[in-house]
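Residue numbers (this note's numbering), protein chains in the order written: chain A, 183 to 267; chain B, 2 to 810.
For glycine and all other residues, C-beta sits at the position ideal for the given N, C-alpha and C.
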């Protein structure tokens with residue numbers, strides 16, 4: 183899945199390749215999900231980068247303007263991103 | 002003067018707090034939460050400040066219990082000034098809370114902490130530009146090195162005494178109209194209510210006299226200010242009546258009584274800003290503000306009498322429940338929290354029908370969540386109903402506003418507002434901060450190893466093995482020495498008392514109980530707590546959470562719960578205490594349960610001395626393997642009984658930091674103090690009771706009472722008392738077993754099968770008294786009782802199963 187990601191086509195954050203420049207398009211999910219992303223400073227429009235991922239379906243570590251955040255798999259799958267060239 | 006330290010988690014509030022409040026600080030707890038406020042006092046520039054260190058919160062719309070406590074405290078308004086501590090290296094994100102705090106339109110000082118960290122990230126921040134943009138004082142600081150701390154608190158003092166109220170930051174001009182309309186309705190609603198008359202309750206305390214003296218000074222000042230600023234007080238008060246009702250923060254009450262009203266009507270201020278009458282007191286846009294305020298305020302501080310410590314005894318710092326604070330400050334005007342703030346919070350609150358539309362978890366399983374409580378609390382603070390339902394649409398005013406915003410922006414109201422705030426923060430960030438290429442950093446290299454999919458786990462193993470090694474080496478050293486000391490004490494007692502008397506038995510029990518607490522637990526607990534505080538401060542615990550998240554999901558927990566369970570192999574007491582790192586009560590309970598299920602080192606001695614010695618090391622290892630299976634099963638079972646609400650891990654991975662010795666020492670001391678207060682009395686009393694049981698020869702009765710259990714498990718009747726002793730201290734069950742059986746050669750009295758069953762039962766049944774005490778402390782009586790019952794049941798089932806298997810063989 184990860185290799186098929188093309189520039190501009192929306193994918194979910196968990197499927198994005200490591201170290202690609204990404205832009206968050208949409209955070210799906212309910213009030214709590216939006217709230218918790220908002221609190222940790224992640225919003226649609228932000229440019230983020232996947233730094234690394236833990237094995238066995240573990241969380242991703244993403245970089246958002248210098249803040250490093252661990253995002254669990256289920257939550258990462260709720261974020262739609264586009265790959266920036 | 003009360004200074005509330007507010008900031009996002011990990012921004013260094015506590016470092017700032019500890020730097021000035023020092024060891025005189027103490028903790029107090031609010032019922033129902035394990036969240037702590039830390040109160041302390043500090044003498045800054047001749048005046049005594051009362052500091053309140055609030056738990057970190059990301060925003061004023063909280064999602065966890067921890068944040069709720071902070072938010073409730075802030076909304077109760079029982080403070081004079083907020084110091085908003087920011088991690089300068091995370092300024093883009095941190096500013097979001099700052100903008101929300103500005104909405105409170107109350108004295109605020111921004112402290113840009115960790116400027117060194119920002120520089121390391123290649124970031125330069127234009128503090129002056131930020132000051133102008135926010136309209137509040139901004140102070141640079143490096144808390145860990147003690148830089149900028151005094152300046153911060155001095156600025157806070159000036160902000161509180163200066164009477165300057167910052168203006169709310171307008172971040173969503175297109176949404177503002179809807180919010181304003183709602184705010185107006187709220188203000189009107191409040192106006193319609195009977196206005197509470199402020200009354201003094203009881204005789205004036207020395208403290209309130211000091212307050213009124215202070216306010217006298219403040220009144221003079223605000224009088225001067227209003228003359229200088231050219232604001233017509235009459236106009237102000239005319240506008241002000243619009244917003245009356247609700248709560249008044251103390252700093253305003255004094256001014257109202259003095260007959261001077263601060264310019265608090267937003268519309269008026271906005272107007273005067275536009276027409277260029279903007280005054281320093283109005284919105285702080287004028288750079289002259291500093292020049293004007295500086296000398297005047299320092300003079301005021303000099304006028305203030307230095308408060309003698311007797312006026313502020315430490316006992317006065319006991320936190321009072323938020324509720325009572327709310328009712329205490331019923332007064333005329335202006336409303337607190339401000340109408341606009343309430344309107345914004347209401348608009349962001351959770352729409353009631355959305356969970357159904359989204360098909361969220363079964364409502365029956367949902368506890369009354371923070372969102373619902375949030376909106377009810379905001380409503381309560383609003384002192385007005387969200388609004389009468391409009392007859393045609395059936396929508397409340399809030400729902401109307403939410404729908405209006407949703408239609409205009411094409412997204413839910415809460416998302417629209419937070420997106421607008423976020424965008425404002427980014428704009429602000431781009432205006433005040435410049436990011437160059439970050440300096441090459443060893444931290445990234447460390448993470449490349451410590452968070453590596455393979456090497457990360459090797460590092461994890463290494464760190465924890467080293468950690469336990471250290472704890473047990475230090476612990477063993479201390480234990481033997483302290484135990485010797487108590488032996489001497491018992492011998493001395495025997496000389497001075499009748500060794501045959503009941504009194505001696507009781508005294509001996511008390512001494513042995515103290516010995517158990519001091520010599521067994523402290524030597525292990527103290528190094529553990531120091532190590533835990535260090536690991537926490539370095540930032541390694543977040544990495545552990547990241548690495549173990551996937552594995553812990555199988556136990557129905559998140560990565561953060563790894564630590565308590567690992568620690569459980571050492572000692573259950575600190576393991577239970579470590580569950581405090583988890584955010585929800587559910588996670589805390591499951592983690593604590595699994596942590597006490599894991600055999601601690603005391604149970605390890607029983608396993609190895611009995612099963613390992615008499616049956617062979619393979620059997621001992623087998624018990625450990627069985628235990629891991631039981632832990633996994635129990636985790637699964639608990640996760641299905643109490644399903645998870647939170648959707649997954651979302652946790653900041655902080656930059657590595659060198660731990661500050663002072664912070665480590667204080668953290669250790671507070672945690673240790675709690676343990677000492679809760680567990681020591683229980684251990685001593687329990688020990689005295691058991692000595693008396695022994696003295697009066699009641700053990701036969703106890704053995705008889707426990708005979709159904711011992712018979713069920715096929716154990717000798719005389720081990721009954723041993724099991725009771727095992728609850729007091731796990732190692733005791735071994736000693737007592739030998740004493741009860743009257744021999745150190747256990748195999749001669751018990752069969753191999755009996756030894757195995759006995760050990761299995763001791764491994765799984767109730768945790769020791771000290772652990773039970775800390776479980777009560779962390780989880781409450783009810784959950785502790787439930788956990789104990791479940792543990793006992795597990796122990797019986799496993800022992801019976803073992804008996805069945807052994808009989809079959």
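Please look up how many angstroms separate the CB atoms of residue i and residue j, rounded, as I've assumed it's under 8 Å.
i: residue 166 of chain B; j: residue 108 of chain B; result: 7 Å
i: residue 540 of chain B; j: residue 656 of chain B; result: 7 Å
i: residue 583 of chain B; j: residue 636 of chain B; result: Not confirmed; about 14 Å, so no contact.
i: residue 80 of chain B; j: residue 5 of chain B; result: 4 Å
i: residue 97 of chain B; j: residue 426 of chain B; result: 5 Å
i: residue 673 of chain B; j: residue 526 of chain B; result: 7 Å
i: residue 242 of chain A; j: residue 258 of chain A; result: 5 Å
i: residue 342 of chain B; j: residue 104 of chain B; result: 4 Å
i: residue 508 of chain B; j: residue 498 of chain B; result: 7 Å
In chain A, what lies closer than 8 Å to residue i by C-beta?
i: residue 121 of chain B; result: By Cβ distance, chain A contributes nothing, its closest Cβ being about 10 Å from residue 121 of chain B, past 8 Å.
i: residue 548 of chain B; result: 236, 240
i: residue 435 of chain B; result: Here the premise fails: no neighbours, minimum Cβ distance about 13 Å.
Select from the options the residue whose C-alpha is nearest the C-alpha of residue i.
i: residue 250 of chain A; options: B:742, B:678, B:784, B:653; result: B:653
i: residue 710 of chain B; options: B:670, B:763, B:694; result: B:763
i: residue 550 of chain B; options: B:560, B:543, B:174, B:544; result: B:560
i: residue 790 of chain B; options: B:677, B:614, B:597, B:181; result: B:597
i: residue 682 of chain B; options: B:513, B:641, B:630; result: B:513
i: residue 649 of chain B; options: B:446, B:585, B:510; result: B:585
i: residue 520 of chain B; options: B:475, B:181, B:608, B:172; result: B:475
i: residue 244 of chain A; options: B:552, B:592, B:651; result: B:651
i: residue 488 of chain B; options: B:773, B:516, B:466; result: B:516
i: residue 140 of chain A; options: A:256, A:231, A:260, A:235; result: Any question about residue 140 of chain A goes unanswered here, given that chain A covers just 183 to 267.
i: residue 122 of chain B; options: B:435, B:180, B:713; result: B:435
i: residue 548 of chain B; options: B:723, B:562, B:725, B:754; result: B:562
i: residue 493 of chain B; options: B:524, B:339, B:505; result: B:505
i: residue 54 of chain B; options: B:188, B:13, B:77; result: B:13
Could you tell me if residue i is buried or exposed, where buried requires 16 or more neighbouring beta carbons within 10 angstroms of its beta carbon?
i: residue 428 of chain B; result: exposed
i: residue 443 of chain B; result: exposed
i: residue 423 of chain B; result: buried
i: residue 450 of chain B; result: exposed
i: residue 238 of chain A; result: exposed
i: residue 17 of chain B; result: buried
i: residue 721 of chain B; result: buried
i: residue 191 of chain A; result: exposed
i: residue 612 of chain B; result: buried
i: residue 746 of chain B; result: exposed
i: residue 217 of chain A; result: buried
i: residue 431 of chain B; result: exposed
i: residue 705 of chain B; result: exposed
i: residue 461 of chain B; result: buried
i: residue 642 of chain B; result: exposed
i: residue 445 of chain B; result: exposed
i: residue 205 of chain B; result: Its pLDDT being 38, under 50, residue 205 of chain B is placed unreliably in this model, and the value from its coordinates should be taken loosely. Counting Cβ neighbours within 10 Å, residue 205 of chain B comes out exposed, since fewer than 16 surround it.
i: residue 1 of chain B; result: Residue 1 of chain B lies beyond the stretch modelled for chain B, which goes from 2 to 810, so this question has no answer here.
i: residue 806 of chain B; result: exposed
i: residue 697 of chain B; result: exposed
i: residue 798 of chain B; result: exposed
i: residue 477 of chain B; result: exposed
Please list, in chain order, the chain B residues whose beta carbon lies closer than 7 Å to that of residue i.
i: residue 222 of chain A; result: 59, 651, 653
i: residue 243 of chain A; result: 452, 547, 654
Given that residue i touches chain A, what residues does it touch there, using C-beta distances under 7 Å?
i: residue 94 of chain B; result: 223, 249
i: residue 12 of chain B; result: Result: empty, since nearest Cβ-Cβ is about 12 Å, beyond 7 Å.
Quick one: which chain B residues come within Cβ less than 8 Å of residue i?
i: residue 195 of chain A; result: Simply none; closest approach about 12 Å.
Using a cut-off of 9 Å between C-beta atoms, extract the partners of residue i located in chain A.
i: residue 91 of chain B; result: 223, 247, 248, 249
Which residues in chain B sit within 9 Å of residue i, going by Cβ to Cβ distance?
i: residue 253 of chain A; result: 649, 650, 651, 652
i: residue 257 of chain A; result: 648, 649, 650, 651
i: residue 267 of chain A; result: Within 9 Å Cβ-Cβ: nothing; residue 267 of chain A doesn't reach chain B, min ~21 Å.
Is residue i near the ligand GTP - that is, is its Cβ less than 8 Å away from at least one heavy atom of it?
i: residue 747 of chain B; result: Looking for the ligand GTP in the displayed structure turns up nothing, as the structure carries no ligands at all.
Exercise. In the segment 88-115 of chain B, which residue ranges form an unbroken alpha helix (DSSP H) of at least 4 residues, counting only runs that do not cross its ends?
Worked result: Within the segment 88-115 of chain B, the complete alpha helix (DSSP H) runs of at least 4 residues are 92-103.
For this session: At 3 residues or longer, and completely inside the segment 622-646 of chain B: list those beta strand (DSSP E) runs for me, N to C.
Result: None, since the segment 622-646 of chain B contains no complete beta strand (DSSP E) of that length.
For this session: Counting only runs of 3+ residues fully inside the segment 42-67 of chain B, write out the beta strand (DSSP E) ranges in chain order.
Result: Complete beta strand (DSSP E) runs here, min 3: 48-54.
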